[in-house]
Amino acid sequence: MTKRFSIPVGITATGQHFPEKIVTNNYFAEYLDTSDEWITERTGIKERRWVTQGEASSDLGAKALQMALERRGIRPDDIDAIIVCTVTPDMPFPSTASIIQHKIGASNVFCYDLNAACSSFLYGLTTGASLVASGAIKRVAVVGCDVMSILADKNDRNNVVLFGDGAGAVIVEQVDEGYGIQDFEHRTDGAGGNSLYMLGGGSLNPATHDTVDKKMHYLYQNGKEVFKYAVKGMSEISRLMIDRNQIDPKELKLFVPHQANLRIIDAAAKRLEIPQERIAINITRFANTTSATIPTALHQALEKGMLSKGDITLFAAFGAGFSWGATLLRWGY
Ligand code: ACO
Numbered sequence: 015m016t017k018r019f020s021i022p023v024g025i026t027a028t029g030q031h032f033p034e035k036i037v038t039n040n041y042f043a044e045y046l047d048t049s050d051e052w053i054t055e056r057t058g059i060k061e062r063r064w065v066t067q068g069e070a071s072s073d074l075g076a077k078a079l080q081m082a083l084e085r086r087g088i089r090p091d092d093i094d095a096i097i098v099c100t101v102t103p104d105m106p107f108p109s110t111a112s113i114i115q116h117k118i119g120a121s122n123v124f125c126y127d128l129n130a131a132c133s134s135f136l137y138g139l140t141t142g143a144s145l146v147a148s149g150a151i152k153r154v155a156v157v158g159c160d161v162m163s164i165l166a167d168k169n170d171r172n173n174v175v176l177f178g179d180g181a182g183a184v185i186v187e188q189v190d191e192g193y194g195i196q197d198f199e200h201r202t203d204g205a206g207g208n209s210l211y212m213l214g215g216g217s218l219n220p221a222t223h224d225t226v227d228k229k230m231h232y233l234y235q236n237g238k239e240v241f242k243y244a245v246k247g248m249s250e251i252s253r254l255m256i257d258r259n260q261i262d263p264k265e266l267k268l269f270v271p272h273q274a275n276l277r278i279i280d281a282a283a284k285r286l287e288i289p290q291e292r293i294a295i296n297i298t299r300f301a302n303t304t305s306a307t308i309p310t311a312l313h314q315a316l317e318k319g320m321l322s323k324g325d326i327t328l329f330a331a332f333g334a335g336f337s338w339g340a341t342l343l344r345w346g347y
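Taking this note's numbering, the leading residue of the sequence shown gets 15, the next gets one more, and so forth.
Structure, rendered in structure tokens:
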């Protein structure tokens, strides 16, 4: 059975923000045993943006949200809630959502952070849409912002090349009948927790000199294992959306996958028979920005005119947890 809301709810505006500093593959080749050729071939990434000192997730998220508000033609006071999707909050508390609230000057909102790793944005979209569908809330801002450059050991060639910093934001509200979110599905399997994690800094291993000496404040992943499950998870859950809604893959105007590795995207798209020109890709220029990959890829696809009113679009994500999900949406603007 499709999971459709009782009233039509969709995305009515998007925004994005990236730090100015561009880090190319050649930057790493200067001090690590790596090369532009290896990184490009194995990941599809050519460059990424990194923050400079003092620039935090909330700075990126606030700017992305301000752009989305401007594009929608509304003021910060016109939104009722802000959900911030992030694995790199400015600090454990207060929430990055409340910091963004203060930065943009939204006075009628309640705010909270949501963490489902790379699936955060899709979980946030469903959560925000559910609030709107309840009828009690009119407009929700869902912001995906991450500063992934802090999570990778700068001397670890396995991880440091994969990540970038950035933010995307969407406005979620009621749309015309027949448009908006048509279906969604999310999954979590904690058995995958030992393939992708960060051990230090939480209640299990509070930050100490020892945890820092042991580099427990950096992420660890079994790349091959994550790769395998990401292809399987994203393609199977996308197939479920396609089959359950009796969509011919040729009808799909846009596929917006999480951007962790171009080879993961290509393998999933191949299984789904989605042609290259209908895939929103921004990993090449921005790398894996975790919660920001889907909203920024969507924003950029809209800028390129890849989506028009009435078009069916499919979002799919996979990340730590393991967590994964897909959302099917008929674009309403
Ligand atoms: N430059 C040169 N060589 C490298 C680099 C590098 N930057 N990184 C790794 N290598 C080496 C490895 O050390 C290994 O060498 P070895 O055989 O001597 O040990 C060799 O390249 C081959 O490594 P593989 O693991 O076979 O490479 P693979 O093709 O699997 O690519 C990668 C590795 C890019 C990590 C891939 O597995 C991947 O993208 N996995 C998924 C990552 C992901 O999606 N993570 C989730 C996002 S994080 C989140 O959710 C918060």
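Glycine included, each C-beta is placed from N, C-alpha and C at the ideal position.
Predicted model only: the values in this text are computed from it and were never measured.
Residue i beta carbon near the ligand ACO (any heavy atom closer than 7 Å)
i, result
"A334", "yes"
"A181", "no"
"T66", "no"
"K238", "yes"
"L349", "Residue 349 is absent from the model: the chain starts at 15 and stops at 347."
"V161", "no"
"F8", "The displayed coordinates of the chain run from 15 to 347. Any statement about residue 8 would go beyond what the structure contains."
"T303", "no"
"R292", "no"
"V101", "yes"
"R62", "no"
"A244", "yes"
"N219", "no"
"A131", "yes"
Residue i in three-state terms, based on DSSP
i, result
"Q260", "coil"
"E61", "strand"
"K229", "coil"
"A283", "helix"
"V146", "helix"
"I293", "strand"
"I195", "strand"
"R277", "helix"
"G215", "coil"
"R89", "coil"
"T303", "coil"
"I114", "helix"
"T28", "strand"
Alpha-carbon to alpha-carbon, residue j and residue i
i, j, result
"G339", "F198", "7 Å"
"S350", "S305", "No statement about residue 350 is possible, as the shown extent of the chain runs from 15 to 347 and does not include it."
"S217", "P289", "45 Å"
"V157", "I97", "6 Å"
"L145", "F19", "10 Å"
"P76", "H272", "A quick correction: the sequence has Ala, not Pro, at residue 76. Near 21 Å, if we compare the C-alpha coordinates of H272 and A76."
"G149", "G237", "42 Å"
"H313", "T28", "6 Å"
"S109", "G142", "17 Å"
"F135", "K228", "31 Å"
"N173", "R63", "15 Å"
"G319", "N219", "47 Å"
"L286", "L268", "12 Å"
"I195", "D47", "45 Å"
"S71", "N40", "26 Å"
"W345", "N169", "43 Å"
"A330", "R201", "12 Å"
"T38", "I88", "37 Å"
For residue i: DSSP bridge partner residues
i, result
"K35", "W64"
"G158", "C99 and G182"
"H200", "G339"
"P271", "A330"
"F124", "A95"
"R153", "E187"
"R344", "G194 and I326"
Whole-number beta carbon distance between residue j and residue i, since they are thought to touch under 8 Å
i, j, result
"A131", "A155", "Not quite, the Cβ-Cβ distance comes to about 21 Å (not below 8 Å), so this is no contact."
"I293", "A283", "6 Å"
"R5", "I93", "The displayed coordinates of the chain run from 15 to 347. Any statement about residue 5 would go beyond what the structure contains."
"F332", "G247", "5 Å"
"T16", "R277", "Not really, about 31 Å apart at Cβ, beyond 8 Å."
"F32", "F300", "7 Å"
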